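Heads up: the structure comes next, in structure tokens.
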Amino acid sequence: MVLLHSADGMAWQSPPKGTSLKTLNEAEEQGFILIRGEFQKRQFRLTELGSDYVERDKRRLEARRL
Numbered sequence: 169m170v171l172l173h174s175a176d177g178m179a180w181q182s183p184p185k186g187t188s189l190k191t192l193n194e195a196e197e198q199g200f201i202l203i204r205g206e207f208q209k210r211q212f213r214l215t216e217l218g219s220d221y222v223e224r225d226k227r228r229l230e231a232r233r234l
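If you want it as structure tokens, here you go:
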């Protein structure tokens, strides 16, 4: 998921440009992120599950390159 890989650590941050509310809501429903704020001021941060998912995915992609 591009949204999860765009996260810079686990701090609160603005979603990348072009991220739809549907994408954010789906990621929140699956437990990958937490959302705060409204409309243009919306921010997200990775949950523990989201952070683990990103780390696993990065390792998987790195292993594929080797």
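Heads up: the sequence shown begins at 169 in the working numbering, then just goes up one per residue. No residue lacks a Cβ here, since even glycine has one placed at the ideal position from N, Cα and C. Since the model is a prediction, treat every value here as computed from it, not as a measurement.
Rounded to the nearest angstrom, what separates I201 and R232 at their Cα positions?
26 Å
Helix, strand or coil at R210 [DSSP, three-state]
coil
Integer Cβ distance of E196 from I203, believed to fall under 8 Å
5 Å
Which same chain residues end up closer than 7 Å to L178 when comparing Cβ atoms and leaving out the 5 residues on each side of it in sequence?
One detail in the question is off: residue 178 reads as Met in this sequence, not Leu. The residues are R213, L214, S219.
Range of the contiguous alpha helix (DSSP H) that encloses L171:
170-174
Neighbour-count burial assignment, L171, 16 or more Cβ in a 10 Å radius:
buried
Report the three-state DSSP secondary structure of L202 (helix, strand or coil).
strand
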